[in-house]
Amino acid sequence: MGTKVDHQEVQDLFEGFSKLSREERFRRLAKMGALNSEDIKYLKTGGLHGMDLAEKFIENVIGYFQLPMGVISNLVIDGLPRVVPMAVEETSIIAAASKTAKWLRGKGKITTETIGKNIIGQIQINRIKDAEKFKTSIEAHKEELISSANTEVAFGLVRRGGGVRDIQVRFVERGDGGQMGVVHVLADPCEAMGANIMNQVCEFLKGPIQEITGETVTMCILSNLVDTRLTRARIEINGLSEEEMDRIEEASLFAQQDPYRAATNNKGVLNGIDPILIATGNDWRAVEAGIHAYAARSGQYRSLTIWKKVEGQLVGTFEAPVILGVVGGVTKLHPTA
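Going by our numbering, the sequence shown opens with residue 51, and the numbers climb by one from there.
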């Protein structure tokens with residue numbers, strides 16, 4: 051959620067937020083522009099009660115399992131105040147995030163960027179007969195394949211400025227002396243997560259690829275390891291003592307070098323990611339799978355965060371694929387998202 055008031059006013063409205071009544075929190079969030087009257091009315095009723103939406107989502111419905119939802123207060127990202135929702139059952143996650151955000155306002159800053167735009171789909175040939183011919187054939191027809199996929203399947207993405215952007219060929223050793231051929235389809239999903247449309251694109255390309263290469267396609271599926279679209283965050287903190295910075299840097303090194311520590315460190319990182327994904331109707335299982343795979347990309351499972359002393363500052367960095375959508379799917383259908 052963004053805000054419609056200035057930085058100082060948001061800061062003032064969040065003062066003492068944790069001690070307010072729920073009614074007063076609604077009033078302040080409305081003043082910030084984070085909630086409207088319909089949002090507040092819905093939240094006051096306690097969320098969903100009828101089973102119609104549940105029946106659309108899943109099978110064998112018997113009810114709802116509801117999670118508490120709150121907001122992180124005092125958060126400033128890229129110089130802008132943000133109201134960030136979290137749906138989570140674990141005590142202190144929101145409190146810790148809010149307290150840290152308030153403390154950070156006077157001591158540092160958070161900046162973010164996205165590296166790349168494309169998600170990945172995979173088209174697999176489980177036993178490649180002629181690897182060189184396969185690669186040459188795909189590359190010779192690449193533009194034709196991209197054009198047909200955009201025209202026949204991904205035209206909605208193209209209208210919004212996205213669509214299929216590239217097709218690449220990989221080979222994977224089977225372990226029995228043979229090779230798999232894998233075609234990577236790269237597409238910009240714009241503001242959507244893009245899973246469904248990517249699966250449709252891959253299925254559409256199955257026939258043309260078989261015809262062009264003479265090989266048999268055995269699987270078409272998106273990948274949740276999206277190293278072509280990375281989220282990067284950086285925190286710069288001033289005013290810490292050398293001892294404090296040394297301790298944090300050493301703890302970070304421990305998580306970089308030891309997978310047992312890295313797993314616990316990354317659980318803490320995901321404490322701050324999963325609740326936002328759930329609150330916004332995004333696929334947190336897909337994001338978790340991609341993040342853990344990315345953490346192990348070197349061959350050893352490592353921390354997603356790195357902390358270092360840099361010219362008198364403590365600098366923390368995070369980099370991972372956090373693939374989510376703000377349109378479509380549950381984000382569109384669930385009234386709480």
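Cβ coordinates follow ideal geometry from the N, Cα and C atoms, glycine included.
One Cα belongs to Val138, the other to Gln172, and the distance between them is close to 33 Å. The criterion of a C-beta distance shorter than 8 Å is not satisfied by Ile122 and Leu280. In the DSSP assignment, Pro131 forms a beta bridge with Val126. Non-local beta-carbon contacts of Arg352 in its own chain, meaning distances under 6 Å to residues more than five positions away in sequence, involve Gln306, Ala312 and Ala345 in chain order. Note that the C-beta distance between Ile298 and Leu154 is not below 8 Å. No Cβ-Cβ contact shorter than 8 Å links Gly264 with Pro239.
Spanning the alpha carbons of Gln218 and Ser87 requires a straight line of approximately 49 Å. In terms of Cα proximity to Pro131, the closest of Val360, Phe221 and Leu63 is Leu63. CA-to-CA, the gap between Phe76 and His384 works out to about 20 Å.
Close CB contacts of Arg177 within its chain, under the 6 Å cut and outside five residues either way in sequence, are with Gly228 (chain order). Contact annotation: Thr278 and Leu236 have beta-carbon atoms nearer than 8 Å. Restricted to the stretch 131-170, the alpha helix (DSSP H) segments that are unbroken, complete and at least 4 residues in length are 143-155, listed in chain order.
The Cβ-Cβ distance between Val233 and Ile188 falls below 8 Å. The beta-bridge partner set that DSSP reports for Cys270 consists of Ile173. Contact between the stretch 244-258 and the stretch 219-226 is not established, with fewer than three Cβ pairs separated by less than 8 Å. Around Asn321, the same chain offers Ile143 as residues with beta carbons nearer than 6 Å, after the five sequence neighbours per side are excluded.
Closest by C-alpha distance to His342, out of Lys69, Thr314 and Thr95, is Thr314.
Thr355 sits buried, since 16 or more C-beta atoms from the chains shown fall within 10 Å of its C-beta. In this model, Ala190 and Val208 are separated by some 23 Å (Cα to Cα).
Per the DSSP secondary-structure output, Glu369 pairs in a beta bridge with Arg282.
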